[in-house]
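Colleague: Quick one: the structure is below, and I'll ask about it shortly.
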Amino acid sequence: MQGVIDQVKGKYLRCVLENGDIVKIHKSMFNKEVTEGDVIKLTFEFDEEGTKKQREMMGK
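Residue numbering for the sequence shown follows the working numbering, starting at 4 and increasing by one per position.
Listed below in structure tokens is the structure:
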């Protein structure tokens, strides 16, 4: 999924995604300076180990 940086406010970037959703992302997520108009790629992946720990904390 891609998004375009729509606005930079302090340490946060407001990004408009391909589907029109808007997300805020902390600038520290990027290893270089990004600014309004830049295109970013977003990826999501399932964290099996993190899920296991979360379920243990929840008592499930």
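Every residue gets a Cβ at the ideal spot worked out from N, C-alpha and C, and that includes glycine.
1) Given a cut-off of 8 Å, decide if Leu20 and Ile8 are closer than it, judged by their beta-carbon atoms.
2) State the Cα-Cα distance for the pair Lys44 and Arg58, rounded to the nearest angstrom.
3) Check each candidate in Asn34, Lys35, Gln5, Glu36 and name the one with the smallest Cα separation from Val26.
4) Starting from the Cα of Lys30, find the closest Cα among Asn22, Met60, Glu39, Asp24 and give me that residue.
5) If you run the structure through DSSP and keep just helix, strand and coil, what is Lys27?
Modeller: Reading it off the structure:
1) no
2) Their backbone Cα atoms lie some 29 Å apart in a straight line.
3) Gln5
4) Measuring from the Cα of Lys30, the nearest candidate turns out to be Glu39.
5) strand
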